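Residue numbers (this note's numbering), protein chains in the order written: chain H, 190 to 362; chain P, 190 to 362.
Number of protein chains: 2
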Amino acid sequence: MSATLDRRAFRDLSYGLYIVTSLNGERLNGQIVNTVIQVTSEPARVAVIINKNNLTHEFIAQSGVFAVSVLDDTTTMPFIGPFGFRSGRDVDKFSRVQFKKEVTGAPLVTEHTLSVLEARVFDRVDLGTHTIFIGDVVYSEVLKSGNPLTYHFYHQVLKGKSPANAPTFIPND
Amino acid sequence: MSATLDRRAFRDLSYGLYIVTSLNGERLNGQIVNTVIQVTSEPARVAVIINKNNLTHEFIAQSGVFAVSVLDDTTTMPFIGPFGFRSGRDVDKFSRVQFKKEVTGAPLVTEHTLSVLEARVFDRVDLGTHTIFIGDVVYSEVLKSGNPLTYHFYHQVLKGKSPANAPTFIPND
Numbered sequence: 190m191s192a193t194l195d196r197r198a199f200r201d202l203s204y205g206l207y208i209v210t211s212l213n214g215e216r217l218n219g220q221i222v223n224t225v226i227q228v229t230s231e232p233a234r235v236a237v238i239i240n241k242n243n244l245t246h247e248f249i250a251q252s253g254v255f256a257v258s259v260l261d262d263t264t265t266m267p268f269i270g271p272f273g274f275r276s277g278r279d280v281d282k283f284s285r286v287q288f289k290k291e292v293t294g295a296p297l298v299t300e301h302t303l304s305v306l307e308a309r310v311f312d313r314v315d316l317g318t319h320t321i322f323i324g325d326v327v328y329s330e331v332l333k334s335g336n337p338l339t340y341h342f343y344h345q346v347l348k349g350k351s352p353a354n355a356p357t358f359i360p361n362d
Numbered sequence: 190m191s192a193t194l195d196r197r198a199f200r201d202l203s204y205g206l207y208i209v210t211s212l213n214g215e216r217l218n219g220q221i222v223n224t225v226i227q228v229t230s231e232p233a234r235v236a237v238i239i240n241k242n243n244l245t246h247e248f249i250a251q252s253g254v255f256a257v258s259v260l261d262d263t264t265t266m267p268f269i270g271p272f273g274f275r276s277g278r279d280v281d282k283f284s285r286v287q288f289k290k291e292v293t294g295a296p297l298v299t300e301h302t303l304s305v306l307e308a309r310v311f312d313r314v315d316l317g318t319h320t321i322f323i324g325d326v327v328y329s330e331v332l333k334s335g336n337p338l339t340y341h342f343y344h345q346v347l348k349g350k351s352p353a354n355a356p357t358f359i360p361n362d
């Protein structure tokens with residue numbers, strides 16, 4: 190089967206870049222995610238895909254809530270770094286970033302962010318290495334106008350890499 | 190709850206634009222979809238979200254296979270039109286478009302297309318108005334290099350609209 194798979198084809202799929210967060214009691218955590226999509230309009234529902242090894246996965250699975258910040262194209266690699274390549278098990282990712290809380294308690298990062306939303310999980314799909322969490326949106330707000338950061342821009346302009354835990358990781362990329 | 194939802198926030202989420210196809214015996218059908226994402230790397234799996242009212246939904250649900258063509262930024266509105274705003278119940282969408290078949294029999298549209306892939310459904314999620322079909326990728330190929338058509342470009346440059354069946358439809362948009 191692998192002879193008929195050219196994994197370079199997957200690179201042509203388009204994504205944005207987001208910080209997805211959750212909480213466990215007083216503890217907050219979040220990570221960079223490229224796979225956030227709206228799945229229905231009525232009711233407003235979104236899906237996020239998270240690697241099972243990540244602390245954010247543990248927090249969402251337990252709390253049943255998550256928040257999303259839509260990053261803009263002013264986002265820098267030093268800002269992305271802690272959320273993309275460090276584990277919340279080792280560092281407190283929220284000690285130096287601006288955020289607020291609204292409905293669920295999951296932190297809404299407000300720096301380099303166009304819009305934020307929060308959701309309560311109503312279904313999840315086990316994908317082996319990852320889980321799809323599907324949530325009812327309970328809060329959404331536009332913080333400012335601007336251009337969304339795209340995964341393409343992240344790779345081409347910011348020269349960012351895909352960590353091995355990403356659903357779109359390409360071996361030997 | 191609606192008082193805390195600003196649906197303009199959803200417009201900041203990023204998507205590509207794709208033709209998703211399937212088959213029912215000899216009959217072929219396909220439609221424009223913005224919600225195609227890779228969900229895991231090992232094994233290579235993708236998810237597509239389709240409105241239950243669409244003929245493509247019926248074909249995928251019955252055949253258990255679907256194909257995706259990743260459109261490029263040379264795509265024109267006259268090309269999109271039949272796939273985006275006409276039903277396969279009324280017109281044969283494949284009478285005037287170039288396509289090929291590989292593994293599953295689902296047609297791979299090759300015009301204005303950077304890459305193609307085919308998948309066999311292994312799980313589906315009922316979302317009320319829509320279904321998420323999750324498939325194992327059994328064929329993928331890069332046809333040419335270029336820039337993927339994004340949902341943002343479709344709206345801003347091609348002046349395209351979101352039909353009411355889209356998961357990202359915004360009432361009064």
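Where a beta carbon is used, it is the ideal one built from N, C-alpha and C, also for glycine.
Quick caveat, the model's predicted, so the values are computed rather than measured.
H/Q287 (DSSP reduced to helix, strand or coil): To locate residue 287 of chain H, count along the first sequence from 1; it is residue 98. Here H/Q287 carries a coil assignment [DSSP, helix/strand/coil].
Contact list for P/I238 against chain A, beta-carbon separation under 7 angstroms: Annotation note: the requested chain A is absent from the structure, which comprises protein chains H and P.
Local Cβ density within 10 Å of H/V346, reported as buried at 16 or more and exposed below that: Taking the first residue of the first sequence as position 1, residue 346 of chain H is located at position 157. The residue is exposed, with fewer than 16 neighbouring Cβ atoms inside 10 Å.
Amino acids of chain P, ordered along the chain, whose beta-carbon sits closer than 8 angstroms to that of H/T224: Position 35 of the first sequence holds residue 224 of chain H. What H/T224 touches in chain P: I226, Q227, V228.
Close beta carbons around P/A236, own chain, < 6 angstroms, minus the five adjacent residues each side: The count along the second sequence starts at 1 and reaches residue 236 of chain P at position 47. For P/A236, where only same-chain residues beyond five positions count, the Cβ hits under 6 angstroms are I226, V228, I321, I323.
Chain H within 8 angstroms of P/V259, Cβ atoms only: In the second sequence, counting from the first residue as 1, residue 259 of chain P sits at position 70. At least one chain H Cβ lies under 8 angstroms of P/V259.
Per-residue burial, P/Q251 [other beta carbons within 10 Å of its own, 16 or more giving buried]: Taking the first residue of the second sequence as 1, we reach residue 251 of chain P at position 62. Classification of P/Q251: exposed, given that the 10 Å Cβ count is below 16.
Inter-residue Cα distance where the pair is H/K348 and P/G277: Residue 348 of chain H sits at position 159 when you count from the first residue of the first sequence. Residue 277 of chain P sits at position 88 when you count from the first residue of the second sequence. Looking at the two C-alpha atoms, the distance is approximately 42 angstroms.
Option nearest P/A189 by Cα separation, candidates P/K290, P/F283, P/R275: One cannot answer for residue 189 of chain P here, as it falls past the ends of chain P, which runs 190 to 362.
Nonlocal neighbours in the same chain, by C-beta distance under 7 angstroms from P/Y328, ignoring five residues either side: Here residue 328 of chain P corresponds to residue number 139 of the second sequence, with the count starting at 1. Its chain contains E291, V292, L306, E307 as the residues whose beta carbon lies nearer than 7 angstroms to that of P/Y328, once the 5 sequence neighbours on both sides are disregarded; these appear in chain order.
Cβ pair count under 8 angstroms reaching 3, the region 247-261 of chain H against the region 211-225 of chain P: With the cut-off at 8 angstroms, the region 247-261 of chain H and the region 211-225 of chain P do not touch.
Continuous alpha helix (DSSP H) assignments of at least 4 residues falling wholly in the region 227-255 of chain P: The region 227-255 of chain P is shown to contain whole alpha helix (DSSP H) runs of 4 or more residues at 244-252, in chain order.
P/P337 (DSSP reduced to helix, strand or coil): For this step, residue 337 of chain P is matched to residue 148 along the second sequence. Collapsing the DSSP output to three states places P/P337 in a strand.
Min CB distance H/I208 to chain P below 8 angstroms: The sequence position of residue 208 of chain H within the first sequence is 19, counting from 1. Chain P, which has no Cβ nearer than 8 angstroms to the Cβ of H/I208, makes this no.
CA-to-CA distance, H/F288 to H/D262, given in whole angstroms: Residue 262 of chain H sits at position 73 when you count from the first residue of the first sequence. Residue 288 of chain H sits at position 99 when you count from the first residue of the first sequence. For the pair H/D262 and H/F288, the Cα-to-Cα distance works out to about 18 angstroms.
Spatial neighbours of P/V310 in its chain, beta-carbon cut-off 8 angstroms, leaving aside the 5 residues before and after: In the second sequence, residue 310 of chain P corresponds to position 121, counting from 1. The residues are I249, G253, V254, F255, F322, I323, G324.
The region 294-323 of chain H: positions lying closer than 8 angstroms to chain P by Cβ: Of all residues in the region 294-323 of chain H, only L303, S304, V305, L306, D312, V314, L316, G317, T318, H319, I321, I323 place a beta-carbon less than 8 angstroms from a beta-carbon of chain P.
Selection of the region 195-220 of chain H by Cβ proximity to chain P, strictly under 9 angstroms: Answer set for the region 195-220 of chain H: D195, R196, R197, A198, F199, R200, D201, L202, S203, Y204, G205, L206, Y207.
Chain P within 8 angstroms of H/S329, Cβ atoms only: Sequence index remark: in the first sequence, residue 329 of chain H carries index 140 (1-based). True, the Cβ-Cβ gap to chain P drops below 8 angstroms.
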